[in-house]
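Student: Dumping the structure here so I can ask a few things about it.
If you want it as structure tokens, here you go:
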């Protein structure tokens, strides 16, 4: 049986608009899900304010959410190995 030729590796080229590259600061996130997708809302809460604004919303599949969580855990471990542990206290005032 002859070897099947392997297709050439393709490299994904990613573009980013300048306004997206500048990013948005968020100090709160809400996560919701259905059986088919996860919704992540990134929010900026100003001190002493009763209203907050969603800065960005990401909707993704459960499989991609799992890969994202694994990548985030890996990066947090690397961060803490380099800079020390991040401590989170119950009275930090944030929601999870």
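Numbering (my numbering), first residue to last: 5 to 100.
We put the beta carbon where it would ideally sit given N, CA and C, even for glycine.
1) Hey, how far is the Cα of residue 59 from the Cα of residue 33?
2) Only counting runs of 3 or more residues, tell me where the beta strand (DSSP E) segments fall wholly within the stretch 17-100, in order along the chain.
3) Note down, in chain order, each residue of its chain lying with its Cβ closer than 7 Å to the Cβ of residue 36, except the 5 sequence neighbours on either side.
4) Between the Cα of residue 51 and the Cα atoms of 81, 64, 30, which residue gives the shortest distance?
5) Going by Cα to Cα distance, which pick from 53, 61, 55 is closest to residue 46?
Tutor: According to the data block:
1) In a straight line, the C-alpha of residue 59 is about 10 Å away from that of residue 33.
2) Assignment of beta strand (DSSP E) within the stretch 17-100, counting only whole runs of 3 or more residues, yields 32-37, 42-49, 56-64 in chain order.
3) 43, listed in sequence order.
4) For the residues 81, 64, 30, the minimum Cα distance to residue 51 belongs to 30.
5) Among 53, 61, 55, the Cα nearest to that of residue 46 is on 61.
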